[in-house]
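Novice: Have a look at the structure that comes next, please.
Numbering (the numbering used here), first residue to last: 30 to 221.
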């Protein structure tokens, strides 16, 4: 069974590509969704976040996303700190996912894939890139947010161009049909 990692910046098209794999019977591990679940439901993580970032980190609805986003996208130190708190737990969840799905092809979708231990567990890793302007347009439309907030996130992420060489496949996601066909060819190659 194949284990495939998909990475790229916000708005690059990771979920679009993961869904193509899902249509072809791959099990999907979405790191963002798992991290969000942990942040909202794991009491020990919640306590560490409050201890590190204050009581405003959570409100009656769970994680105070606006407060935390403002902290981590304006301070590399705080971003690294929250990653050290949450990502070891995400990694353990990924190991559980792999054990549960050991008889299935699987995908891990993660913007931070290259910076985590999960990268080395995969048989193949795919990086998705897309021009910043297109990413801004996609995220502003999808999340109904302002362009400056999205740009801060993009600026805080790794320079994906500098790590392309470490990946097995590179997909430039500009055109849905072309990207779909390219991903389908990769799936066919992996399934041989």
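Backbone N, C-alpha and C define an ideal beta-carbon position, used for all residues, glycine too.
1) State the DSSP-derived secondary structure class of residue 149, mapped to helix, strand or coil.
2) At 3 residues or longer, and completely inside the segment 72-154: list those beta strand (DSSP E) runs for me, N to C.
3) Start and end of the beta strand (DSSP E) containing residue 246?
4) Using the Cα positions of residue 69 and residue 123, report the straight-line distance between them to the nearest angstrom.
5) Flag this pair as yes or no: are the beta carbons of residue 279 and residue 59 separated by less than 9 Å?
6) Please report how far the alpha carbon of residue 92 lies from the alpha carbon of residue 86, in whole angstroms.
7) What residues match up with residue 57 in a beta bridge as DSSP calls it?
8) For the alpha helix (DSSP H) containing residue 182, name the first residue and the last one.
9) Pick out the complete beta strand (DSSP E) segments inside the segment 186-212, 3 residues or longer, and give them in chain order.
10) What are the partner residues of residue 21, as DSSP defines its beta bridges?
11) For residue 194, count neighbouring C-beta atoms within 10 Å of its own C-beta (all shown protein chains included) and say buried if the count is 16 or more, exposed if not.
12) What separation, rounded to the nearest whole angstrom, lies between the Cα atoms of residue 31 and residue 182?
13) For residue 96, I'd like the list of residues in its chain whose CB is within less than 6 Å of its CB, leaving aside the five on either flank, ordered along the chain.
Specialist: By the coordinates alone:
1) helix
2) Counting only runs of 3 or more, we get 135-138.
3) Within the shown structure, residues of the chain are numbered from 30 to 221, placing residue 246 beyond reach of any answer.
4) 18 Å
5) Because the chain is modelled from 30 through 221, residue 279 falls outside the range shown and cannot be assessed.
6) 6 Å
7) 136
8) 176-185
9) 198-201
10) Nothing can be reported for residue 21, as the shown portion of the chain is limited to 30 through 221.
11) exposed
12) Our two residues, residue 31 and residue 182, have alpha carbons roughly 31 Å apart in a direct line.
13) 85
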